[in-house]
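K.L.:
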Amino acid sequence: MESLLIWLVTLILVGVIFVPYYLKFRKRQKQDLERRKEAQALGLDKPKGQYPMIDMARCIGCGSCVEVCPEGDVLGIVFGRATIINGQRCVGHGYCEQACPVGALKVGLGDIKTRADIPLMNEYNETSVPGIYIAGELGGLSLIRNAIDQGRMVIRRIVETGTRLSDPGVFDVIIVGAGPAGLCAALSAIQSNLRYIVFDRQEPGGTILQYPRQKLVMTQPVEIPLFGTLKKEEYSKEFLLETWRDIIVKYKLNISVNERVDRVTRDGEHFTVTTIKGNYQAGHVILAMGRRGTPRKLGVPGEDRPKVLYQLVDAQSYQNKNLLVVGGGDSAVEAAVGLGRQPGNKVSISYRQAKFARVKLKNEQRINELITQKKVRPIFNSAVKEIREATVLMKAGEDMIEIPNDYVLIFAGGEPPFKMLTEMGVAFGGEAKPIRPEEAPVAR
Ligand SMILES: Cc1cc2nc3c(=O)[nH]c(=O)nc-3n(C[C@H](O)[C@H](O)[C@H](O)COP(=O)(O)OP(=O)(O)OC[C@H]3O[C@@H](n4cnc5c(N)ncnc54)[C@H](O)[C@@H]3O)c2cc1C
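If you read the sequence shown in numbering that gives the first Met the number 0, its first letter stands for residue 0, the second for the next number, and so on.
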């Protein structure tokens with residue numbers, strides 16, 4: 000009788016503790032399987048850029064990585080193991096890596112030899128051309144923090160290789176791009192007493208310049224050489240740009256703005272860097288050009304009209320207007336949200352897919368809110384066919400529609416500068432070299 004009682008109590012305890020856990024596990028697995036199927040159908044499971052690499056032999060399926068990801072559904076738990084659901088949403092925060100209790104996860108680029116979208120580099124970010132290095136997003140890892148870290152790392156490597164040039168007409172290092180990676184490389188070059196110059200085809204600041212006004216930039220504490228640590232996790236775009244401007248003035252950074260670099264060739268023991276203004280020589284070159292390149296065009300009639308824009312800096316300048324945003328990445332969604340919040344605007348967003356699936360979770364929530372409030376009209380499965388003076392002609396599903404329009408804002412990604420890299424002799428992995436533009440990473 001006593002043992003029956005013990006069995007009964009044990010069974011009840013197991014029922015109370017285990018059954019709800021099991022049901023929750025089953026429910027989650029079902030949801031994650033459905034999400035994975037949907038992502039696979041949309042081709043989103045294949046990562047572009049960085050992604051969490053899971054060691055299945057170590058993973059215990061605890062779900063800590065899934066919980067901490069600020070981007071939502073990058074990861075899920077399927078058959079008791081972490082699995083990639085929407086790899087394209089990964090922007091490389093690395094919280095999953097930190098949260099995994101058994102070290103089964105690492106955020107990175109995988110085997111870059113198999114990837115046609117990443118230039119081949121060694122552990123110090125030196126490309127297949129000795130002396131040409133890559134820092135920042137051009138190498139595949141996004142985030143300001145990574146760009147800063149790599150800018151510092153490549154200069155350290157150049158110093159370690161010990162090649163200093165005695166010819167005063169030759170720079171130790173030429174840095175192409177004055178985004179976070181290039182600026183940080185310049186500061187590290189000052190610290191190491193290297194002769195350097197930075198070229199940028201625009202003003203310094205890099206992609207941050209293109210962010211919408213007052214955008215909150217998420218980062219993690221990061222050490223900027225000479226300057227110190229940026230400690231907070233969120234900064235406004237304006238604060239970050241102001242900080243870089245102060246740094247440029249304080250440390251007298253040698254930057255030539257509005258000077259685009261067109262070519263880099265090896266010239267005996269030096270490199271010759273050809274810009275729109277002339278030729279410069281250096282012992283090393285750091286490519287810190289980012290991946291946005293030139294904005295990708297739609298190639299439709301009327302795209303050359305002045306009302307067509309490829310970036311939105313100040314949404315407040317557009318009020319009481321008919322606006323069409325084209326694209327489905329973060330930049331497009333952030334623009335549609337910014338414009339949808341202005342008084343009197345009628346905002347449509349045209350996207351060739353059936354839903355917004357590559358965007359950050361926060362952006363997805365924001366746009367859905369505005370769609371519900373009828374402040375933004377989504378036109379899925381659509382493509383712009385012609386931009387006319389006061390309208391836009393579009394194919395939406397099987398129909399042709401024409402909508403009133405004052406401005407078109409196109410966020411179709413950028414052409415990464417892969418052609419220029421290939422011409423320098425920089426090799427890429429994978430089979431196709433370089434990758435086709437339509438396969439290139441989309442704008443965030
Ligand atoms: C909408 C959006 C939101 C983002 N939000 C965040 C965020 O919240 N947190 C975060 O950490 N990251 C965010 N990022 C990513 C972050 O902006 C990038 O990872 C980072 O700016 C990369 O720095 P970089 O120096 O490698 O390149 P970039 O910042 O892209 O700078 C490259 C520079 O090179 C210059 N250049 C390019 N070609 C040439 C040439 N031929 N000659 C001369 N100059 C050239 C460009 O003009 C540019 O100034 C976001 C990106 C986008 C698009």
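All residues carry an ideal CB built from backbone N, CA and C; glycine is no exception.
Would you kindly work out how many angstroms separate the C-alpha atoms of VAL67 and LYS26, rounded to a whole number?
P.N.:
Rounded to the nearest angstrom, the two C-alpha atoms are 19 Å apart.
K.L.:
Who are the near neighbours of ILE247 in its chain, counting only those whose CB is closer than 7 Å to its CB and skipping five residues on each side?
P.N.:
Result list for ILE247: PRO203 and ILE254, in chain order.
K.L.:
Whose C-beta lies closer than 6 Å to the C-beta of GLU414 among residues of the same chain, with five residues either side of it excluded?
P.N.:
Cβ neighbours of GLU414 beyond the five flanking positions: GLY292, THR293, ARG295 and PRO436.
K.L.:
Could you check whether ASN321 and ASN404 sit closer than 8 Å to each other, using their CB atoms as the reference points?
P.N.:
Contact: yes.
K.L.:
In terms of DSSP beta bridges, what is MET52 paired with?
P.N.:
Beta-bridge pairing links MET52 to LYS105.
K.L.:
Considering only the alpha carbon of each residue, which of MET152, VAL169 and GLY168 lies closest to GLN190?
P.N.:
For the residues MET152, VAL169 and GLY168, the minimum Cα distance to GLN190 belongs to MET152.
K.L.:
Among SER316, ASP303 and ARG155, which has the Cα closest to the Cα of ARG212?
P.N.:
When only C-alpha atoms are compared, the closest one is SER316.
K.L.:
Exposed or buried, which one is ALA389 when buried takes at least 16 other CB atoms within 10 Å?
P.N.:
With fewer than 16 Cβ atoms within 10 Å of its Cβ, ALA389 is classed as exposed.
K.L.:
Please list the segments of the alpha helix (DSSP H) lying wholly inside the segment 397-427, counting only runs of 4 or more residues, in order along the chain.
P.N.:
417-423, all fully within the segment 397-427.
K.L.:
GLY277 to GLY326, Cα distance in whole Å?
P.N.:
Answer to the nearest angstrom: the Cα atoms are 37 Å apart.
K.L.:
Following a CB-centred definition, is TYR279 positioned closer than 7 Å to any heavy atom of ligand 3?
P.N.:
With respect to small molecules bound, the structure shown includes ligand 1 and not ligand 3.
K.L.:
By how many angstroms is the C-alpha of ASP171 removed from the C-alpha of ILE275?
P.N.:
Spanning the two alpha carbons is a distance of roughly 21 Å.
K.L.:
Could you tell me which of CYS64, PRO167 and ASN124 sits nearest to GLY150, measuring between CA atoms?
P.N.:
Answer by Cα proximity: ASN124.
K.L.:
Please list, in chain order, all residues of the same chain as ALA54 whose beta carbon is under 6 Å from its beta carbon, the five residues on each side excluded.
P.N.:
Reading off the sequence shown, one finds Asp at residue 54, where the question assumed Ala. Correct list, in chain order: ALA103.
K.L.:
Can you tell me whether ALA177 sits near ligand 1, meaning its C-beta is under 7 Å from at least one heavy atom of the ligand?
P.N.:
Yes, since a heavy atom of ligand 1 falls inside the 7 Å radius drawn around the Cβ of ALA177.
K.L.:
DSSP on LYS374, reduced to helix/strand/coil?
P.N.:
Here LYS374 sits in coil by DSSP.
K.L.:
Starting from PHE198, follow the beta strand (DSSP E) in both directions and report where the run begins and ends.
P.N.:
First-last of the beta strand (DSSP E) with PHE198: 195-198.
K.L.:
Rounded to a whole number of angstroms, what is the C-alpha to C-alpha distance between PRO433 and LEU22?
P.N.:
Low local confidence applies: a pLDDT of 44 at PRO433 is under 50, so the model's placement there is unreliable, with the coordinate-based value given in what follows. About 48 Å.
K.L.:
My assumption, with CB atoms under 8 Å, is that VAL448 sits in contact with SER141. Please give the rounded CB distance.
P.N.:
In this structure the chain extends from 0 to 443, so residue 448 is not present and cannot be described.
K.L.:
Give me, in chain order, the residues of the same chain whose beta-carbon lies closer than 8 Å to that of VAL216; leave out the 5 immediate sequence neighbours on both sides.
P.N.:
Excluding residues within five positions, the ones whose Cβ falls inside 8 Å are ILE143, ILE207, TYR210, GLU233, TYR234, SER235, LYS236 and LEU239.
K.L.:
Can GLY327 be considered in contact with ligand 1, in the sense that its beta carbon sits closer than 7 Å to one or more heavy atoms?
P.N.:
No - ligand 1 has no heavy atom lying nearer than 7 Å to the Cβ of GLY327.
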